[in-house]
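*Asks:* So for the sequence shown, full-length UniProt numbering puts the first residue at 1; every next one is plus one.
We treat Cβ as the ideally placed atom computed from N, Cα and C, and that holds for glycine.
No experiment lies behind these values; they were computed from the predicted model shown.
Questions regarding the structure given below will be posed in turn.
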Amino acid sequence: FFFLSFFQVIECITQGRVLERPRVCPKEVYDIMLGCWQREPQQRLNIKEIYKILHALGKATPIYLDILG
């Protein structure tokens, strides 16, 4: 949303639009972002949930991305 004005960003957010997942962003990280962007506060991930997810990701076998291709 870097190319939008403050008011345009607010309009996008209130319409439920979110940023697309960047090509080099792992789906698991993007899912965390989506969890933080929920409109209703009670539906958002809390810090304990985020920690649990990140901790599990840290223990998982790494997936290497082809950032050059």
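1. Counting only the same chain and skipping the five closest in sequence on each side, list residues whose C-beta sits under 6 angstroms from that of Y30.
2. Determine the contact status of L45 and G35, defining contact as a CB-CB distance below 7 angstroms.
3. Between S5, Q8, M33, F6, which has its C-alpha nearest I53's C-alpha?
4. Tell me the DSSP secondary structure of C12 in three-state form.
*Replies:* Reading from the atomic positions:
1. Only residues of its own chain outside the window of five on either side were considered, and among them R21 have a CB closer than 6 angstroms to the CB of Y30, listed in chain order.
2. Going by C-beta atoms, L45 is nearer than 7 angstroms to G35.
3. Between I53 and the set S5, Q8, M33, F6, the nearest pair of CA atoms involves M33.
4. Taken through DSSP and simplified to helix, strand or coil, C12 comes out as helix.
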